[in-house]
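In terms of my numbering, the sequence shown is residues 3 to 162. The beta-carbon is built from N, C-alpha and C at its ideal position, and this holds for glycine as well. All remarks here apply to the structure that follows.
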Amino acid sequence: MSKSVLRRVHVTASVLAIFTVTTFLAATLTAEISGDEASITMVKSWIARAVVGLTVVLASAALSGRRLAGRSRAPVVRRKLRRMQAIAATGMLILIPCAVALDQLASRGNFGTTFLVLQGIELAAGGVNLTLLGLNFRDGVMLGRQGRRRAAVVRAKEHR
Numbered sequence: 003m004s005k006s007v008l009r010r011v012h013v014t015a016s017v018l019a020i021f022t023v024t025t026f027l028a029a030t031l032t033a034e035i036s037g038d039e040a041s042i043t044m045v046k047s048w049i050a051r052a053v054v055g056l057t058v059v060l061a062s063a064a065l066s067g068r069r070l071a072g073r074s075r076a077p078v079v080r081r082k083l084r085r086m087q088a089i090a091a092t093g094m095l096i097l098i099p100c101a102v103a104l105d106q107l108a109s110r111g112n113f114g115t116t117f118l119v120l121q122g123i124e125l126a127a128g129g130v131n132l133t134l135l136g137l138n139f140r141d142g143v144m145l146g147r148q149g150r151r152r153a154a155v156v157r158a159k160e161h162r
């Protein structure tokens, strides 16, 4: 796969991941604020199923990013890789189990203390992941600008 195609895959996956996590959080907050149990149940069911797609998108972003990074040991690249590890761990250890448990509780009409605690954990962890994704996106934009500047300098030197 060419570097330009890989870059497009990475940017697309990154944007989709941020959009999806934002949508999950917004839908959850909207349903919770409404207090309508049917809406909450629908959102929890949708998230529990859509998390599979989010996992694929995040894996695509991580793998394409790792491939683009190559053997770079630049601090910004290392930060992006560490953040992706934290995002993956949070997703696998906290967010996916919460999504499944919340879906099961909501489908049974159990909106008690356990549901509320898990919902709080899910919102906090989702907020952390969204922040980390945003920081990675910001650093990716910065890396892209640096790469374009370097390429422009090389082209200018070649035309002298």
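CB contact below 8 Å: residue i versus chain C
i: residue 38; result: This model lacks chain C altogether; it includes just one protein chain.
Status (buried if at least 16 other CB within 10 Å, exposed otherwise) for residue i
i: residue 21; result: exposed
i: residue 109; result: exposed
i: residue 121; result: buried
i: residue 129; result: exposed
i: residue 144; result: exposed
i: residue 116; result: exposed
i: residue 45; result: buried
i: residue 67; result: buried
i: residue 82; result: buried
i: residue 3; result: exposed
i: residue 74; result: exposed
i: residue 86; result: buried
i: residue 89; result: buried
i: residue 15; result: buried
i: residue 142; result: buried
i: residue 33; result: buried
Residues near residue i by beta carbon distance below 8 Å, same chain, minus five either side
i: residue 52; result: 22 and 26
i: residue 50; result: 101, 102, 104 and 105
i: residue 19; result: 56, 59, 60, 63 and 135
i: residue 132; result: 20, 23, 24 and 27
DSSP three-state assignment for residue i, whether helix, strand or coil
i: residue 68; result: helix
i: residue 147; result: helix
i: residue 113; result: coil
i: residue 3; result: coil
Same chain only: Cβ atoms within 7 Å of residue i, ignoring 5 sequence neighbours per side
i: residue 38; result: none
i: residue 43; result: 108 and 109
i: residue 69; result: 8
i: residue 17; result: none
Problem - Runs of alpha helix (DSSP H) wholly within the segment 22-77 (minimum 4 residues, chain order) - result: 39-71
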